[in-house]
Amino acid sequence: MFSPSVDNNSCLHIKIFRAIEIPTAAAALGKNGDFEIKAYKINAAAEELRKPRSVRTGIIQHKIVLPTTAPVKEQRDAILERVGRIAEAAALCGVNVLCFQEAWNMPFAFCTREKQPWCEFAEDAETGPTTQFVQKLARQFGMVILSPILERDGVHGDTLWNTTVVVGTSGNVIGKTRKNHIPRVGDFNESTYYMEGNTGHKVFNTKFGKIAINICYGRHHPQNWLMYGINGAEMVFNPSATIGGLSEPLWPIEARNAAIANSYFTFAINRVGTEIFPNEFTSADGKPAHRDFGHFYGSSYAAAPDGSRTPGLSRTNDGLLVTEIDLNLCRQAKDNWGFRMTQRLDLYAESLTKAIKPDYKPDVVDENL
Ligand SMILES: NC(=O)NCCC(=O)O
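Count along the sequence shown from 1, add 19, and you get the number used in the working numbering.
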């Protein structure tokens, strides 16, 4: 039984119903654990020849648990314990695919440009302690779990990557995606730590559907979203860490527009809270020395290929957003709008091939020749 939409926020053009009655046990976990749970359903039209392809997705936003001055292992393990409890609530809500925020198991220390102790949070993507923890959750709850971490690549010179590990329902590591676009804006000094990713635009064909991951700053690059769509993604998760003073006006637009333009579902996940670091730092942007990034504003949401979206989670609290979707809506949107059939990739492949040549001359016609 679906209750009528309880969110009359017309600017979101919401076609959703609070369909998933939040089980009492999950609600209790939220109340006792001080995290919010919101649950919605985005419908597709009924079809004669296809049954609904319903998937319950979950995205979790959270603060760090211990101060950044605590020992590395204690900081990491406290976050794992916290998120494990929220993941349990997701399981009680019947979530099939669960995604955590960017670098979820550590403070977002990349503003400091310090290598120690922050690089000690890096770990092997396939065998590290965080992946082992996630594998246990995936097996226990029968979920596909997307775990964005700082990867230590021991095979290639112990280099670092910003990586999302994809774990299957039997606890198997299906694969990983490395962040394609690395920011150099404000205090986001991530290029001090890792390079642009080398895993392309993988789509993971899981039992719950075709999943891809566009990590944070990549959300500003429409071509990044585009390639995941070309590879057949039906759900693209955007684990992020971003602050109010920089990106908040863009946040409600980018993942939602990507869902529309690429005819798939998107899930924008941002961490919450303000993280104070031991030593003050600057980023050569005129700001006086400071010890924090500013406020990570959460506001995580899900968006659908028909342009509808859920309300966001809060700007300040830990939370779980459960969204039940019908993947049939992807093809219905393609049929309705025809964006895929009209996108003229050959035209842009030719134009881009020319544009990247060193001797490229922009095609500009001057008014007064
Ligand atoms: N983590 C990250 O890439 N942040 C960059 C700033 C932004 O894109 O909002």
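Just so it is clear, CB atoms sit at the ideal spot from N, CA and C, and this is done for glycine as well.
Please indicate yes or no: does the CB of Thr293 lie closer than 6 Å to some heavy atom of ligand 1? Not under cutoff, so the answer is no.
For Arg238, which of helix, strand or coil comes out of DSSP? Three-state result, Arg238: helix.
Can you give me the Cβ contacts of Cys112 inside the same chain, cut-off strictly under 8 Å, excluding the 5 residues immediately before and after it? Once the five neighbours on either side are set aside, the close Cβ partners of Cys112 are Ile39, Ile41, Pro42, Ala45, Ile56, Ala58, Arg75, Gly77, Leu339 and Val341.
Are the beta-carbon atoms of Tyr247 and Ala231 separated by less than 7 Å? With contacts defined by Cβ atoms closer than 7 Å, Tyr247 and Ala231 form a contacting pair.
Check whether the Cβ of Ser166 sits closer than 6 Å to any heavy atom of ligand 1, and report yes or no. Checking the Cβ of Ser166 against ligand 1 gives no.
Can you name, in chain order, every residue of its own chain whose Cβ lies under 6 Å from the Cβ of Ser29, other than the five neighbours on each side? Annotation note: pLDDT 46 at Ser29 (below 50); position unreliable, coordinate value reported separately. Result list for Ser29: empty, nothing under 6 Å.
So Leu364 is in the beta strand (DSSP E); what residue range does that whole segment cover? Run containing Leu364: none in the beta strand (DSSP E); it sits in the alpha helix (DSSP H), Leu364 to Ala374.
Does any CB atom of chain D fall closer than 7 Å to the CB of Asn276? The displayed structure is made up of one protein chain only, and chain D is not part of it.
Determine, using beta carbons only, whether Ala368 and Ser282 come nearer to each other than 7 Å. Remark: C-beta atoms of Ala368 and Ser282 do not approach each other more closely than 7 Å.
Flag this pair as touching only if the segment 135-153 and the segment 268-280 have three or more C-beta atom pairs under 8 Å; answer yes or no. No: the two stretches stay apart, fewer than three of their Cβ pairs being nearer than 8 Å.
Pull every residue with its beta-carbon under 5 Å away from any heavy atom of ligand 1, and keep them in chain order. Ordered along the chain, residues surrounding ligand 1 are Pro202, Phe207, Cys235, Tyr236, Ala260, Thr261 and Ser266 [Cβ under 5 Å from any heavy atom].
For Gly147, count neighbouring C-beta atoms within 10 Å of its own C-beta (all shown protein chains included) and say buried if the count is 16 or more, exposed if not. It is buried - the Cβ of Gly147 has at least 16 other Cβ atoms within 10 Å.
Nearest by alpha-carbon distance to Phe119: which of Arg158, Asn257, Asn224 and Tyr213 is it? Nearest C-alpha to Phe119 among Arg158, Asn257, Asn224 and Tyr213: Asn257.
What does the Cβ neighbour count give for Tyr320, buried or exposed, with the cut at 16 atoms within 10 Å? So Tyr320 counts as buried.
Bridge-paired residues (DSSP) for Ala322: In the DSSP output, where bridge partners are listed per residue, Ala322 has Thr285 and Arg328.
Does the Cβ-Cβ distance between Phe129 and Glu215 come in under 7 Å? 7 Å or more divides the Cβ of Phe129 from the Cβ of Glu215.
Looking at the unbroken beta strand (DSSP E) that takes in Asp172, where does it start and where does it end? It spans Val163 to Asp172 - the beta strand (DSSP E) in which Asp172 sits, taken as one unbroken run.
Considering only the beta carbon of each residue, do Asn347 and Ala144 sit closer than 7 Å? Not closer than 7 Å, so no.
Extent of the continuous alpha helix (DSSP H) run through Pro148: Its alpha helix (DSSP H) spans residues Pro148 to Phe160.
How far does the beta strand (DSSP E) with Leu340 in it reach, from first residue to last? Gly338 to Asp345 is the span of the beta strand (DSSP E), which, as asked, contains Leu340.
If we ignore side chains and look at the alpha-carbon of each, how far apart do Arg95 and Gly190 end up? Rounded to whole angstroms, the separation of the alpha carbons of Gly190 and Arg95 is 20 Å.
DSSP state of Glu142 mapped onto helix, strand, coil: Three-state DSSP puts Glu142 in a strand.
Give me the DSSP bridge partner(s) of Ser259. Answer is Asn289.
Tell me the rounded alpha-carbon separation between Ser22 and Lys60. Because Ser22 carries a pLDDT of 37, less than 50, the predicted location of this residue cannot be relied on, and the following value inherits that uncertainty. Taking C-alpha positions only, Ser22 is separated from Lys60 by approximately 10 Å.
On the premise that Asp337 lies in contact with Ile168, defined as a C-beta separation below 8 Å, what is that separation, rounded to the nearest angstrom? Going by Cβ atoms, the distance from Ile168 to Asp337 rounds to 19 Å, so no, they are not a contact pair.
Could you work out which residue in Ala278, Leu364 and Ile295 is closest to Pro324 when comparing CA atoms only? Checking every option, the nearest Cα to that of Pro324 belongs to Ala278.
Do Tyr213 and Trp244 have their beta-carbon atoms positioned less than 7 Å apart in this structure? Annotated as distal: Trp244 and Tyr213, with beta-carbon spacing of 7 Å or more.
Is DSSP giving Trp180 helix, strand or coil here? For Trp180, the three-state secondary structure derived from DSSP is strand.
Measure from the alpha carbon of Gln80 to the alpha carbon of each residue in Pro381, Ser327 and Phe286, then state which is nearest. The shortest Cα separation from Gln80 among Pro381, Ser327 and Phe286 belongs to Phe286.
First and last residue of the beta strand (DSSP E) that includes Glu133? Looking at the DSSP string, Glu133 is not in any beta strand (DSSP E), and its letter there is neither H nor E.
CA-to-CA distance, Gly251 to Phe152, given in whole angstroms: If you draw a straight line from the Cα of Phe152 to the Cα of Gly251, it is about 29 Å long.
In the structure shown, what three-state DSSP assignment does Met254 receive? Met254 sits in a strand when the DSSP states are folded into three classes.
With Leu117 as the anchor, note down where its beta strand (DSSP E) starts and where it stops. Where Leu117 is concerned, the enclosing beta strand (DSSP E) stretches over Val116 to Cys118.
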